[in-house]
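A.B. asks: Pasting a structure below so you can have a look.
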Amino acid sequence: DERMSGQLNLAGSQTALASALAVGIAGLVLLARRARGASGETLDALLRDLAAAEQKVKALRARIEICSPSRSPARMEIRIWMDGAFDMMHYGHANAFRQGRRVGTYLVVGVNDDESITRCKGPPLLCDSERLAMVSSCKFVDEVVPMVPYIMSDEYVRHVIQKYRIDFVVHGDDPCIVDGRDVYESAQKLGKYRTIPRTEGVSTTEIVGRMLLLSREHHTPSDASSRSAGHEVAEVRSGPISETLTRGSDAPLPDFVRQSKFLTTSMMLRAFSEGCAPPPEGARVVYVDGGWDMFHAGHVSFLQAAAKLGDFLLVGVHNDAVVNSHRGANFPVMNLNERVLSVLACRSTGDVVIDPPWHMTREMIAALRISVVAHGTRHDQNDDGGRDPYEVPKALGMYVEIPSEVALDVDTIVERIRENHDRFTAKVARKMVGENEYYAERYGFAETPPA
Numbered sequence: 001d002e003r004m005s006g007q008l009n010l011a012g013s014q015t016a017l018a019s020a021l022a023v024g025i026a027g028l029v030l031l032a033r034r035a036r037g038a039s040g041e042t043l044d045a046l047l048r049d050l051a052a053a054e055q056k057v058k059a060l061r062a063r064i065e066i067c068s069p070s071r072s073p074a075r076m077e078i079r080i081w082m083d084g085a086f087d088m089m090h091y092g093h094a095n096a097f098r099q100g101r102r103v104g105t106y107l108v109v110g111v112n113d114d115e116s117i118t119r120c121k122g123p124p125l126l127c128d129s130e131r132l133a134m135v136s137s138c139k140f141v142d143e144v145v146p147m148v149p150y151i152m153s154d155e156y157v158r159h160v161i162q163k164y165r166i167d168f169v170v171h172g173d174d175p176c177i178v179d180g181r182d183v184y185e186s187a188q189k190l191g192k193y194r195t196i197p198r199t200e201g202v203s204t205t206e207i208v209g210r211m212l213l214l215s216r217e218h219h220t221p222s223d224a225s226s227r228s229a230g231h232e233v234a235e236v237r238s239g240p241i242s243e244t245l246t247r248g249s250d251a252p253l254p255d256f257v258r259q260s261k262f263l264t265t266s267m268m269l270r271a272f273s274e275g276c277a278p279p280p281e282g283a284r285v286v287y288v289d290g291g292w293d294m295f296h297a298g299h300v301s302f303l304q305a306a307a308k309l310g311d312f313l314l315v316g317v318h319n320d321a322v323v324n325s326h327r328g329a330n331f332p333v334m335n336l337n338e339r340v341l342s343v344l345a346c347r348s349t350g351d352v353v354i355d356p357p358w359h360m361t362r363e364m365i366a367a368l369r370i371s372v373v374a375h376g377t378r379h380d381q382n383d384d385g386g387r388d389p390y391e392v393p394k395a396l397g398m399y400v401e402i403p404s405e406v407a408l409d410v411d412t413i414v415e416r417i418r419e420n421h422d423r424f425t426a427k428v429a430r431k432m433v434g435e436n437e438y439y440a441e442r443y444g445f446a447e448t449p450p451a
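Quick note: the sequence shown, position 437, residue 437 per UniProt numbering, numbers continuous.
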């Protein structure tokens, strides 16, 4: 196991770690001395540096503790606890799980229950079972604990640490304050709290904000007649809602690109590809494709069923223009890169085909060694003049239709937001203030609103 090997390698570096810790402590002392007599912006900058240095020292102490010879081989497993609501779980949550797990070797995730979430921050968009299904499906999560209170008391934290043998409680480096109290105060007092960098450019608040821009017209997938009549789909970035609706035009259908503040790097794609490998020789490869927009429990249920049809599940993720042409003017909510990361994080996924052809071909089937092509009973309408995208696999006798057992899709999620439009609008406005303050403090400047 690569992570366990990494911990063993650390054991041979105790001297270096101890030296680094000494340097870190010396740095804290120096910063403290420099802070004396400083004022204004200089003091604020020094305090930020001091806080960052303290976190580094804590991390070094944790690594030295992990490498200690007194730790028996049986305890080389380092158990990490993370918890949250994980409402509308996205790739930012999955990346937090990935980072949290790397602090140790085994990740236990507690999922807050509907009642405690409602009491502390208002009703969640997704219910307990839908949120649990998403967290359980993430390949970076080893164990899930349901019905965890949103605010953990000192007694509950001790209970969690003892029952699940937790070494460290981990959370993002953004503040988590409820009623003026840090939710993780108890873990901090016990010296078992660690932070990880927040995944920038994505948040549940930002995603809900995207969906609040969707009008009712956006719930109707374009059909064959509208496509042939030359209906145009405007780019989401073009302006207000009225400009993002489908409108009649003789102009050709433009490329649709869903804009996002998230900056996808090859390193992030590589990190999310952990565990992906070519299918073994002779493996029964199952292929499924779709938009996978707002990756949700319905998708997870389908992928789990599809994976059981063979030995290796290959998932195609269509580009923004293809999804938009079949779903309507303001879809997909998530862009191609975001949707690819969400699918990669699912433990059922063997590998992902990015931007596959809409109509499957014999060449594609042969090149990817596909044995089975599966599709769900809940899917978007085909507006391509009646041409079946699965014509070839059906002719080859390898097409299978899987009953969709979870009645959840993007339309359902958007409708839930529409039914509570005012509440979510106010919530997004309130949360965005906090997010802007977080980035302003992190980078020393406030986000400038668009002109």
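Each residue gets a CB set at the ideal place from its N, CA and C atoms; glycine is no exception.
Can you list the beta strand (DSSP E) stretches of 3 or more residues lying completely in the UniProt domain "Cytidyltransferase-like" (82-209), in chain order?
C.D. replies: Runs of the beta strand (DSSP E) inside the UniProt domain "Cytidyltransferase-like" (82-209): 106-112, 143-148, 168-172 and 193-196.
A.B. asks: Quick one: grab the DSSP three-state call for residue 406.
C.D. replies: As a working mapping, residue 406 is identified with position 406 in the sequence shown. In the structure shown, residue 406 sits in coil (DSSP, three-state: anything other than H, G, I, E or B).
A.B. asks: Grab me the residues of residue 283's own chain with a C-beta within less than 6 Å of its C-beta, minus the 5 sequence neighbours each way, in chain order.
C.D. replies: Stepping through the sequence shown from its first residue, residue 283 is reached at position 283. Hits under 6 Å: 311 and 312.
A.B. asks: Does the Cβ-Cβ distance between residue 402 and residue 305 come in under 7 Å?
C.D. replies: In the sequence shown, residue 402 corresponds to position 402, counting from 1. In the sequence shown, residue 305 corresponds to position 305, counting from 1. A contact, by the Cβ cut-off of 7 Å.
A.B. asks: Relative to the C-alpha of residue 452, which candidate in 396, 122, 442 and 97 has its C-alpha closest?
C.D. replies: Residue 452 lies beyond the stretch modelled for the chain, which goes from 1 to 451, so this question has no answer here.
A.B. asks: Cα separation between residue 398 and residue 97?
C.D. replies: If you number the sequence shown from 1, residue 398 lands on position 398. If you number the sequence shown from 1, residue 97 lands on position 97. Residue 398 and residue 97: Cα-Cα distance of roughly 36 Å.
A.B. asks: In chain order, which continuous runs of the alpha helix (DSSP H) of length 4 or greater are located wholly inside the region 319-377?
C.D. replies: The qualifying runs are 320-327, 336-344 and 362-367.
A.B. asks: DSSP three-state call for residue 78: helix, strand or coil?
C.D. replies: Your numbering for residue 78 matches position 78 in the sequence shown. Reduced to three states, the DSSP call for residue 78 is coil.
A.B. asks: Reducing DSSP to helix, strand and coil, say where residue 313 ends up.
C.D. replies: As a working note, residue 313 is residue 313 in the sequence shown. Residue 313: strand per DSSP, three-state reduction.
A.B. asks: In whole angstroms, what separates the C-alpha of residue 269 from that of residue 276?
C.D. replies: In the sequence shown, counting from the first residue as 1, residue 269 sits at position 269. In the sequence shown, counting from the first residue as 1, residue 276 sits at position 276. Approximately 11 Å, taken between the alpha carbons.
A.B. asks: Which stretch, first to last residue, makes up the beta strand (DSSP E) that contains residue 290?
C.D. replies: Here the question's residue 290 lines up with position 290 in the sequence shown. Per DSSP, residue 290 belongs to the beta strand (DSSP E) from 285-290.
A.B. asks: Thinking just about the alpha-carbon of each residue, which of 127, 405, 272 and 180 is nearest to the one in residue 151?
C.D. replies: Numbered from its first residue, the sequence shown carries residue 151 at position 151. The candidate whose alpha carbon is nearest that of residue 151 is 180.
A.B. asks: With C-beta atoms as the reference, is residue 92 less than 7 Å away from residue 202?
C.D. replies: Residue 92 sits at position 92 when you count from the first residue of the sequence shown. Residue 202 sits at position 202 when you count from the first residue of the sequence shown. A contact, by the Cβ cut-off of 7 Å.
A.B. asks: Mapping DSSP to helix, strand and coil, what is residue 443?
C.D. replies: Residue mapping note: residue 443 aligns to position 443 of the sequence shown, counting from 1. Residue 443 falls in the helix class under three-state DSSP.
A.B. asks: In this structure, does DSSP put residue 435 in helix, strand or coil?
C.D. replies: Position 435 of the sequence shown, counted from the start, is the residue given in the question as residue 435. The answer is helix: DSSP assigns residue 435 an H, G or I state.
A.B. asks: Roughly how many angstroms separate the alpha carbons of residue 344 and residue 352, rounded to a whole number?
C.D. replies: Residue 344 sits at position 344 when you count from the first residue of the sequence shown. Residue 352 sits at position 352 when you count from the first residue of the sequence shown. If you take the alpha carbons of residue 344 and residue 352, they lie about 7 Å apart.
A.B. asks: So what does DSSP say about residue 281, is it helix, strand or coil?
C.D. replies: Start at 1 with the first residue of the sequence shown, and residue 281 comes out as number 281. Three-state result, residue 281: coil.
A.B. asks: Leaving out five residues before and five after residue 182 in sequence, what residues of the same chain have Cβ atoms less than 8 Å from its Cβ?
C.D. replies: Taking the first residue of the sequence shown as 1, we reach residue 182 at position 182. Hits under 8 Å: 175, 176 and 188.
A.B. asks: Can you tell me which of 144, 85, 153 and 372 puts its alpha carbon nearest to the alpha carbon of residue 289?
C.D. replies: Locating residue 289 in the sequence shown gives position 289, where the first residue counts as 1. Nearest of 144, 85, 153 and 372 to residue 289, Cα basis: 372.
A.B. asks: Whole angstroms are fine: how far does the CA of residue 337 sit from the CA of residue 114?
C.D. replies: By one-based count along the sequence shown, residue 114 stands at place 114. By one-based count along the sequence shown, residue 337 stands at place 337. Taking the straight line joining both Cα atoms gives about 30 Å.
A.B. asks: Could you tell me how far apart the beta carbons of residue 147 and residue 86 are, in whole angstroms, since I believe they sit closer than 8 Å?
C.D. replies: The residue labelled residue 147 in the question sits at position 147 within the sequence shown. The residue labelled residue 86 in the question sits at position 86 within the sequence shown. Rounded, the Cβ-Cβ distance is 13 Å, inconsistent with contact.
A.B. asks: Under three-state DSSP, which class holds residue 274?
C.D. replies: What you label residue 274 is simply residue 274 of the sequence shown in a count that begins at 1. Correct three-state label for residue 274: coil.
A.B. asks: Beta-carbon separation of residue 404 and residue 378 under 7 Å?
C.D. replies: As a first step, residue 404 is located in the sequence shown; it is residue number 404 there, counting from the start. As a first step, residue 378 is located in the sequence shown; it is residue number 378 there, counting from the start. Going by C-beta atoms, residue 404 is nearer than 7 Å to residue 378.
A.B. asks: Looking at residue 173: is its Cβ nearer than 7 Å to the Cβ of residue 194?
C.D. replies: Residue numbering aside, residue 173 sits at position 173 when the sequence shown is read from its first letter. Residue numbering aside, residue 194 sits at position 194 when the sequence shown is read from its first letter. For residue 173 and residue 194, no; Cβs fall outside 7 Å.
A.B. asks: Got a sec? Which residues, its chain only, sit under 6 Å from residue 370 by beta carbon, not counting five neighbours each side?
C.D. replies: Taking the first residue of the sequence shown as 1, we reach residue 370 at position 370. Within the same chain, residue 370 has close Cβ partners 285 and 287.
A.B. asks: I need the straight-line Cα distance from residue 143 to residue 111, nearest angstrom please.
C.D. replies: Counting from 1 along the sequence shown, the entry for residue 143 is found at position 143. Counting from 1 along the sequence shown, the entry for residue 111 is found at position 111. Distance between the alpha carbons of residue 143 and residue 111: 11 Å.
A.B. asks: Using 8 Å for Cβ pairs, my map puts residue 107 next to residue 413. What's the rounded Cβ distance?
C.D. replies: By 1-based counting over the sequence shown, the position of residue 107 is 107. By 1-based counting over the sequence shown, the position of residue 413 is 413. About 26 Å separates the two Cβ atoms, so there is no contact after all.
A.B. asks: Just checking my contact of residue 357 with residue 293 at CB under 8 Å: how many whole Å lie between their CB atoms?
C.D. replies: Here residue 357 refers to the residue found at position 357 of the sequence shown. Here residue 293 refers to the residue found at position 293 of the sequence shown. Actually they do not touch by this definition, with Cβ atoms about 19 Å apart.
A.B. asks: Spatial neighbours of residue 157 within its chain, please: CB distance less than 8 Å, with the 5 preceding and 5 following residues excluded, ordered by chain position.
C.D. replies: For the purposes of this step, residue 157 is taken as the residue at position 157 of the sequence shown. Excluding residues within five positions, the ones whose Cβ falls inside 8 Å are 169, 186, 187 and 190.
A.B. asks: Applying the 10 Å Cβ sphere with the 16-neighbour rule, what's the burial state of residue 335?
C.D. replies: In the sequence shown, the residue the question calls residue 335 occupies position 335. Buried, by the Cβ-count rule.
A.B. asks: Beta carbon of residue 77, beta carbon of residue 105: below 7 Å?
C.D. replies: What you label residue 77 is simply residue 77 of the sequence shown in a count that begins at 1. What you label residue 105 is simply residue 105 of the sequence shown in a count that begins at 1. It is a contact, given that the beta carbons lie within the stated cut-off.
A.B. asks: Can you name the start and end residues of the alpha helix (DSSP H) that residue 394 belongs to?
C.D. replies: Counting from 1 along the sequence shown, the entry for residue 394 is found at position 394. First-last of the alpha helix (DSSP H) with residue 394: 391-395.
A.B. asks: Would you kindly work out how many angstroms separate the C-alpha atoms of residue 307 and residue 137, rounded to a whole number?
C.D. replies: Taking the sequence shown and counting its residues from 1, one reaches residue 307 at position 307. Taking the sequence shown and counting its residues from 1, one reaches residue 137 at position 137. Whole-angstrom Cα-Cα distance: 13 Å.
A.B. asks: For residue 166 and residue 314, what's the separation of their Cα atoms in angstroms?
C.D. replies: What you label residue 166 is simply residue 166 of the sequence shown in a count that begins at 1. What you label residue 314 is simply residue 314 of the sequence shown in a count that begins at 1. Approximately 35 Å between the Cα atoms of the pair.
A.B. asks: Hey, out of 208, 99 and 323, whose CA is closest to residue 428's CA?
C.D. replies: Here residue 428 refers to the residue found at position 428 when the sequence shown is read from its first residue. Looking at the Cα atoms, 208 is the closest of the given residues.
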